[in-house]
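Residue numbers are given in the UniProt record's numbering: position 163 of the sequence shown equals residue 163, and the series is strictly consecutive.
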Amino acid sequence: MEEKQIQIPDVNADAEERDNYTLIQETPEDNLSGESGIAIRYSKDFNIVQANELLRSKQSDLTLMESKLIRLAVSQIMKGDKDLRTYKVNVSQLAEFLEVPKTNVYRSMQDINISLMQRVIFIRDKEVPDKKGKPNYKILHWLSSVEYKDGTLTYRLSDELKPYLIGLSEMFTLYSYDSIIKLPTNYSIRLFELLTSWVNIIIKGENTPAFPDISTDPDEIVLAIDYLRDFFDCNDKYKSAGDFVRNVIEVNLGFINQYTNLKVSFRKHKKGRSISHVIFKYENTWNNDPKAEEHNNQMLDTIRSIKNGEPAQFETDKEVITF
1 MEEKQIQIPD VNADAEERDN YTLIQETPED NLSGESGIAI RYSKDFNIVQ ANELLRSKQS
61 DLTLMESKLI RLAVSQIMKG DKDLRTYKVN VSQLAEFLEV PKTNVYRSMQ DINISLMQRV
121 IFIRDKEVPD KKGKPNYKIL HWLSSVEYKD GTLTYRLSDE LKPYLIGLSE MFTLYSYDSI
181 IKLPTNYSIR LFELLTSWVN IIIKGENTPA FPDISTDPDE IVLAIDYLRD FFDCNDKYKS
241 AGDFVRNVIE VNLGFINQYT NLKVSFRKHK KGRSISHVIF KYENTWNNDP KAEEHNNQML
301 DTIRSIKNGE PAQFETDKEV ITF
């Protein structure tokens, strides 16, 4: 089918307005495994599905552009996919879509290429501690290849990530790419993912308090400050726990509450004079917002479908944008 030209939508538009942008696009079958890569597409129906082991792991800090590029690739995993693929994206259109100045993108694209190949993920080995009893880590890369040429970025997720992105039936987190479009920092995206992984459990009524001496509220998530520092790759940043909470947790939770449907508050727990844990409180707004209830019910239906062996990404009847 012939590809039609489109106008990139305003990401500040509301959801209904953005749904009005249309594109009829079919990727030729003979290009699905082509060396040139598959064009990145966007739809409000496209989900990001990650194993919790990956999502909750320590990861090298990414720039905002890098973070959204990675998640765009993850959102492309579709019905029937057995392997990860190579994707391509028009950088000019992507910059406009993500509201990133084009001059900055072009000037820094080579740096982004090098940086993306160096970014790593630390998967904790729960079974095999080292001789001192500390956890060992398996170190993975996000990408196996990346190339920028003639205004097009071509990149491929590392095949090492396949067990964490394809064929998941349990212990995973699902959310739509649309949920993070307006988030302005990588920290806010990471915190959104982390909290969503726990909120999914809360919504299902399966949250078991991990620190009952601190909180037994099933709508609360208690996380140790040392874990959060490690999660955000901030072990060598912010001298005090207070500075870390103020600059990483408080600021980025504000972004989440402002730009997403997730509403969460937090408070600090101290042992002596030091902050030892952060307690996040999920605010259930279903009774006041029918759309929020509908969204959560749809999410639960999709999660149940995946657990029943159906694919994580379904064919969408919503408009699709191809970059």
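Beta carbons: idealized from backbone N, C-alpha and C, even for Gly.
Quantities reported herein were computed from a predicted structural model and do not represent experimental measurements.
Residue range of the alpha helix (DSSP H) that S144 falls in? Note, S144: premise wrong, no alpha helix (DSSP H); beta strand (DSSP E) at L143 to K149.
Helix, strand or coil for D236? Go by DSSP, reduced to three states. D236 falls in the coil class under three-state DSSP.
So does the segment 221 to 231 actually touch the segment 265 to 280, counting three or more Cβ pairs closer than 8 angstroms? Contact between the segment 221 to 231 and the segment 265 to 280 is present, because at least three Cβ pairs lie under 8 angstroms.
Report the start-end ranges of each beta strand (DSSP E) in the UniProt domain "Initiator Rep protein WH1" (48 to 195) that is 3 residues or longer and not cut off at the edges. The qualifying runs are 86 to 90, 120 to 129, 135 to 141, 143 to 149, 152 to 157 and 172 to 176.
I'd like to check one pair, L140 with A51: are the Cβ atoms closer than 8 angstroms? No, Cβ-Cβ distance for A51 and L140 is not below 8 angstroms.
Which residues mark the beginning and the end of the alpha helix (DSSP H) in which V251 is found? V251 to Y259 is the extent of the alpha helix (DSSP H) around V251.
With three or more beta-carbon pairs closer than 8 angstroms as the criterion, would you say the segment 174 to 188 touches the segment 249 to 260? Contact between the segment 174 to 188 and the segment 249 to 260 is present, because at least three Cβ pairs lie under 8 angstroms.
Do I121 and S57 count as a contact pair if the criterion is CB distance below 8 angstroms? Between S57 and I121, the gap from beta carbon to beta carbon is short of 8 angstroms.
What number of angstroms, rounded off, separates the C-alpha of D45 from the C-alpha of K271? Each residue's CA atom was taken as its position, placing D45 and K271 some 44 angstroms apart.
Among K162, I77 and T196, nearest to L253 - alpha-carbon criterion: Of K162, I77 and T196, the residue nearest in Cα terms is T196.
Identify every residue that forms a DSSP beta bridge with I201. Paired residues: none, contrary to the question.
Just to confirm the assignment, what range does the beta strand (DSSP E) spanning L223 have? For L223, the enclosing beta strand (DSSP E) covers residues E220 to A224.
With a cut-off of 8 angstroms on the beta carbons, I'd call S67 and N186 a contact; round off their distance for me. The pair is a contact, with the Cβ atoms about 4 angstroms apart (cut-off 8 angstroms).
When DSSP builds the beta bridges, which residues end up paired with F266? Under DSSP, the beta-bridge partners assigned to F266 are F280.
Relative to the C-alpha of E147, which residue among L116, K134 and K162 is closest? Selected option, being the one with the closest Cα: L116.
Does the pairing of the segment 203 to 212 with the segment 237 to 248 give three or more beta-carbon distances under 8 angstroms? Short answer: they don't touch.
Below 6 angstroms CB to CB, which residues in the same chain sit around M109 once its five sequence neighbours on both sides are set aside? These residues qualify, in order along the chain: Y148.
Along the chain, where does the alpha helix (DSSP H) that runs through F244 open and close? Counting along the chain, the unbroken alpha helix (DSSP H) around F244 starts and ends at A241 to F244.
Under the assumption that Y137 contacts A73 (Cβ atoms under 8 angstroms), give the Cβ distance between them as a whole number of angstroms. Between Y137 and A73 a beta carbon distance of about 23 angstroms is seen, past the 8 angstroms cut, so the two are scored as non-contacting.
Can you tell me whether I123 is buried or exposed, with buried defined as 16 or more other CB within 10 angstroms of its CB? By the neighbour-count definition (other C-beta atoms within 10 Å, threshold 16), I123 is a buried residue.
Can you tell me whether G37 is buried or exposed? The criterion is at least 16 other CB atoms within 10 Å of its CB, across all chains shown. It is buried - the Cβ of G37 has at least 16 other Cβ atoms within 10 Å.
Would you identify the three-state DSSP class for T27, choosing helix, strand or coil? Residue confidence is low: T27 scores 37 on pLDDT, short of 50, so the model does not pin down where it sits. Its coordinate-derived value is still stated next. DSSP places T27 in coil when its eight states are reduced to three.
So, helix, strand or coil for K271, using DSSP? In this structure, K271 counts as strand in the three-state DSSP scheme.
Expected contact under 8 angstroms - CB spacing of residue 391 and I40 to nearest Å: The displayed coordinates of the chain run from 1 to 323. Any statement about residue 391 would go beyond what the structure contains.
Using C-beta distances below 6 angstroms, list every residue in its chain close to E160, excluding the 5 sequence neighbours before and after it, in chain order. Contacts found: L140.
To the nearest angstrom, report how far apart D19 and S43 are at their CA atoms. Unreliable positioning characterises D19 in this predicted model, as indicated by a pLDDT of 40, which lies under 50. The coordinate reading is nonetheless provided below. Near 9 angstroms, if we compare the C-alpha coordinates of S43 and D19.
Pair within 8 angstroms by beta-carbon distance, L153 and V49: Result no, Cβ atoms of L153 and V49 do not sit closer than 8 angstroms.
Nearest to L54 (by Cα), restricted to the options E220, R229, D111 and D125: Just measuring C-alpha positions, the residue of E220, R229, D111 and D125 sitting nearest L54 is D125.
Suppose you measure from the CA of E170 to the CA of G205; what does that come to, to the nearest Å? Roughly 16 angstroms separates the two Cα atoms.
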